[in-house]
Amino acid sequence: MTVDELKPIIEAILFATADEPIPFKRIAEILPEEPEAAVREALEALSVDYDARAGGIELRQIAGGYRFSTRAEYSEYIRRFRKQQPSAKLSMAALETLAVIAYKQPVTIPEILEIRGVSSSSAIKTLLDKRLIVAKGRKKVVGRPMMYGTSKEFLIQFGINDLTELPNLEDFEDLVTS
Amino acid sequence: MTVDELKPIIEAILFATADEPIPFKRIAEILPEEPEAAVREALEALSVDYDARAGGIELRQIAGGYRFSTRAEYSEYIRRFRKQQPSAKLSMAALETLAVIAYKQPVTIPEILEIRGVSSSSAIKTLLDKRLIVAKGRKKVVGRPMMYGTSKEFLIQFGINDLTELPNLEDFEDLVTS
Amino acid sequence: MSERKEPIDTAADTAVAEAPPEGGRGDYRVHLDAFDGPLDLLLYLIRKEEVSIYDIPIARITQQYLEYLRLMEELDIAVAGEFLVMAATLIHIKTKMLLPRDPFAEAEGEEIDDPRQELVDRLLEHQRYRTAADFLYQRRILEGEVFTRPVPEDEKSNAEVSAGVFDLLTAFRDAMLRAQALAEIEIARDEVTLSQKLDEVRALLELNPTINVRDLFERAGSRRELVITFLAVLELVKELKVRIHQSEAFGEIEMTRRDPEPESLEATSDDEPSMNEQNGANPNE
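Residue numbers (this note's numbering), protein chains in the order written: chain A, -13 to 164; chain B, -13 to 164; chain C, 417 to 701.
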């Protein structure tokens, strides 16, 4: 292969590999028919290309390997981007807490603890931060604990019109038992 | 900022956000001072750049967002490198059910049965487990059955930007009768 | 018939459609298991007989269809209800085709309904979806050749899922099942006997000279334990080990240890009396 043919192969490999730097030897192993010198030449040409483009990415030699990374001057934008959190993505603990609240609302923290068997305070905080749940007044029992329920944002993010549209156990059994 | 100044910022953001397609809106939000038209122009220019380079990577529009991915022709090398198996295949029953859901959504289990002539519950369960379909509320008919539609994951796994990209069902007729 | 579990393979599909069933019995089973519903079987028969889908020789196809059903039964393949419904439909169409056409309707130039029309429409629609499924299959294969940047390991360990309503239901069901399992363990643990309960209350009295009786009852994990607790309290009263008192009407009911032994009276005299005086102000024994 020519250097120009090797370049996109190496680029694709480095792009699709996780964050750790890839040693030259491992790249060469993927292309056993090619002379090592040619592979090295292609790698260096690729690096020069990225420098010449002066884009958002660079190909760096680091810790004995090669790795793509974003250029330091754009880190502020990436940080800003990562701070946005408009998604309904949830940890499993938060998802389960949300599920208990959705199906048992209005429900208090001690009641959620009773069902889940583990403390759910931090999950509840996450759900409040994401505006998926809201406080629904206090329960008239000893200690007057706060009750929680799902929000309008919850309906929007889960794509349903009202709580009656939540699937119930029969909907689930319809799927499993046939 | 000029388009040439915006390009590397967008490139860095898309690169740093790994495998998730990023909707245009979220990119524009990072750059509130810039007119949306300029951001879009930069995105398109970036995409054109990558096409012109014909390297190992391309910038694609998928599931309503933008995402960098490797070009299909280099998959063999990446697979060799990652020692990774291709994703699990779907059964014909699951694919057919998925096709009915994709074209008829939102659609209920009885409606799918009507079209396929065979119970599809276990296929629907498989598709839900694989996150290729999602519940889309209940149909306002007797029994209020659950409706199903395709998910964002469906678009991603099948390389589709939005549902209008699906070929017309009627276009398949030629294949049927010939 | 159960849904096919093997991965779709277009080559294999053609094999299903074209391979003559005149092979060994094993071949039959392979082919028959492959039919994903009655519409699939009908389309196969139409292709095998090389007849037009728009002009199905209904008597011939019906006969073939019924033969296949018989074969499936012979081979112990469960014939799903849908196959039988289709058999009935085919026979119904066949009968209608045999009836003489209404000459008046024909004379008046009215459109004559072909009894096969509805079936043909369903078959065509089914075919289109099969082709659409093939299209999706190809798309997924193509997309499998494309790689994205993997999520870094440190983000993976704190992975978040984008959940749908069925994920909520599953999570809720899991939590409830877990809670139920826990409750069962607790009930099993709480199957105490009266003598165990007596020991337990005596031990409590060793630590606290005065016990709130309602607290004691509320600790009961089951109705049965509640009854046993009540019996234990009665037993202690009968044995003159405790004194029961209520400081005001509808107030808290308390149980105070009686210490008849002189040595223990001595030992506790410093801290006990004040308590006894307080509680004894309005004895309600």
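Note that the Cβ used here is the ideal one computed from N, Cα and C, for glycine as well.
* Interface flag, E(-9) of chain A vs chain C, CB-CB below 8 angstroms -> The C-beta of E(-9) of chain A comes no closer than 8 angstroms to any C-beta of chain C.
* DSSP three-state call for S77 of chain B: helix, strand or coil? -> If DSSP states are grouped into helix, strand and coil, S77 of chain B belongs with the strands.
* To do: For chain C, find out if any of its Cβ atoms is closer than 8 angstroms to the Cβ of A28 of chain B; answer yes or no.
  => No, A28 of chain B does not count as interfacial toward chain C.
* To do: Measure from the C-beta of A24 of chain A to each C-beta in chain B and report whether the shortest distance is under 8 angstroms.
  => Interface with chain B (8 angstroms Cβ-Cβ cutoff): A24 of chain A is excluded.
* Under three-state DSSP, which class holds Q91 of chain B? -> In the structure shown, Q91 of chain B falls within a coil segment according to DSSP collapsed to helix, strand and coil.
* Mind the definition here: the segment -5 to 7 of chain A touches the segment 552 to 561 of chain C only if three or more C-beta pairs lie below 8 angstroms; say whether that holds. => With the cut-off at 8 angstroms, the segment -5 to 7 of chain A and the segment 552 to 561 of chain C do not touch.
* With 9 angstroms as the limit, tell me which residues of the segment 32 to 52 of chain A have their beta carbon closer than that to any beta carbon of chain B; keep them in chain order. => Hits within the stretch, in order: L32, D35, R39, A40, G41, G42, I43.
* Assign M592 of chain C to one of three DSSP states: helix, strand, or coil. => DSSP places M592 of chain C in helix when its eight states are reduced to three.
* Does the beta-carbon of E434 of chain C have 16 or more other beta-carbons within 10 angstroms, so that it is buried, or is it exposed? -> Confidence is the limiting factor: at E434 of chain C the pLDDT is only 39, short of 50, which leaves the residue's position unreliable, though a coordinate-based value still follows. In the assembly as shown, E434 of chain C is an exposed residue. Its beta-carbon has fewer than 16 other beta-carbons within 10 Å.
* Following the continuous beta strand (DSSP E) through M133 of chain B, name the residue where it begins and the one where it ends. => It spans 132 to 136 - the beta strand (DSSP E) in which M133 of chain B sits, taken as one unbroken run.
* Asked: If you measure beta-carbon to beta-carbon, which residues of the segment 64 to 86 of chain A are closer than 9 angstroms to chain C?
  -> Only those residues of the segment 64 to 86 of chain A whose C-beta falls short of 9 angstroms from the nearest C-beta of chain C are listed: S73, A74, K75, L76, S77, M78, A80, L81, E82, T83, L84, A85, V86.
* Evaluate A40 of chain A with the Cβ neighbour count: other Cβ atoms within 10 Å of its Cβ, from every protein chain shown; 16 or more gives buried, anything less gives exposed. => Answer is exposed; the Cβ neighbour count stays below 16.
* Asked: So what does DSSP say about P437 of chain C, is it helix, strand or coil?
  -> Bear in mind that a pLDDT of 45 at P437 of chain C, under 50, signals an unreliable position, so the number given afterwards is only what the model happens to contain. If DSSP states are grouped into helix, strand and coil, P437 of chain C belongs with coil.
* Asked: Does DSSP classify K122 of chain B as helix, strand or coil?
  -> In this structure, K122 of chain B counts as strand in the three-state DSSP scheme.
* Beta-carbon neighbours of I110 of chain B, restricted to chain A and to distances below 8 angstroms -> By Cβ distance, chain A contributes L161.
* Determine, using beta carbons only, whether A88 of chain A comes closer than 8 angstroms to chain C. => Closer than 8 angstroms: yes.
* Asked: So E82 of chain B packs on R546 of chain C, CB below 8 angstroms; how close in whole Å?
  -> Between R546 of chain C and E82 of chain B the Cβ distance is about 6 angstroms, and since that is below 8 angstroms, they are a contact.
* For P7 of chain B, I'd like the list of residues in its chain whose CB is within less than 6 angstroms of its CB, leaving aside the five on either flank, ordered along the chain. => Result list for P7 of chain B: I48, A49, G51, R53, in chain order.
* Note down, in chain order, every chain C residue with its Cβ under 9 angstroms from the Cβ of P153 of chain A. => Those are V581, F582, L584, L585, listed as they occur along chain C.
* To do: Just the C-alpha distance for F1 of chain A and A14 of chain B, rounded to the nearest angstrom, thanks.
  => Across the structure, F1 of chain A and A14 of chain B are spaced so that their CA atoms are roughly 25 angstroms apart.
* Could you confirm whether any beta carbon from chain B is found closer than 8 angstroms to the beta carbon of T3 of chain A? => Closer than 8 angstroms to some Cβ of chain B, the Cβ of T3 of chain A qualifies, so yes.
* To do: Indicate whether at least one CB of chain F lies closer than 8 angstroms to the CB of G103 of chain A.
  => Of the protein chains in this structure, namely A, B and C, none is chain F.
* Going straight from the alpha carbon of E62 of chain A to that of D157 of chain A, what length do you get? -> Computed Cα separation, rounded: 47 angstroms.
* Taking Cβ-Cβ distances shorter than 8 angstroms, what residues in chain C pair up with I146 of chain A? -> Within chain C, the residues placing a beta-carbon under 8 angstroms from that of I146 of chain A are V581, ordered along the chain.
* Rounded separation between Y60 of chain A and F67 of chain A - CA only -> Here the alpha carbons of F67 of chain A and Y60 of chain A stand approximately 11 angstroms from one another.
* Beta bridge counterpart(s) of E658 of chain C as assigned by DSSP -> Residue identity check: residue 658 of chain C is Val in the sequence provided, not Glu. C:R673.
* **Burial state of T(-12) of chain B (16 or more Cβ within 10 Å)** => Exposed is the call here.
* Asked: Can you name the residues of chain C whose CB is closer than 8 angstroms to the CB of E100 of chain A?
  -> Neighbours of E100 of chain A on chain C, chain order: A595.
* Kindly indicate if chain B contains any beta-carbon less than 8 angstroms away from that of V643 of chain C. => No, because no Cβ of chain B sits closer than 8 angstroms to the Cβ of V643 of chain C.
* Listed in chain order, which residues of the segment 545 to 567 of chain C have Cβ atoms closer than 9 angstroms to some Cβ of chain B? -> Those would be Y545, R546, T547, A548, A549, D550, F551, L552, Y553, R555, R556, I557, L558, E559, G560, E561, V562, F563, T564, R565, P566, V567, in chain order.
* **Top-ranked residue by Cα proximity to K111 of chain B, from B:G123, B:Y134, B:E(-9)** => Distance from the Cα of K111 of chain B is smallest, within the candidate group B:G123, B:Y134, B:E(-9), for B:Y134.
* Between P21 of chain B and the rest of its own chain, which residues show a CB-CB distance below 8 angstroms, the 5 nearest in sequence each way excluded? -> No residues qualify anywhere along the chain.
* Of the choices A:A58, A:L84, A:T56, whose alpha-carbon is the least far from that of G580 of chain C? -> With distances taken between CA atoms, G580 of chain C lies nearest to A:L84 out of A:A58, A:L84, A:T56.
* With 16 as the cutoff for other CB atoms within 10 Å, does V127 of chain B come out buried or exposed? -> By the C-beta density criterion, V127 of chain B is exposed, having fewer than 16 other C-beta atoms within 10 angstroms.
* Asked: Taking Cβ-Cβ distances below 8 angstroms as the criterion, which residues of the segment 107 to 135 of chain B are in contact with chain C?
  -> For the segment 107 to 135 of chain B, which is checked against every Cβ of chain C, the residues closer than 8 angstroms are S108, A109, L114, R117, V120, A121.
* Counted within 10 angstroms of its Cβ, other Cβ atoms place D5 of chain B as buried (16 or more) or exposed -> Of the residues assessed, D5 of chain B falls on the exposed side of the cut-off, its CB having fewer than 16 other CB atoms within 10 angstroms.
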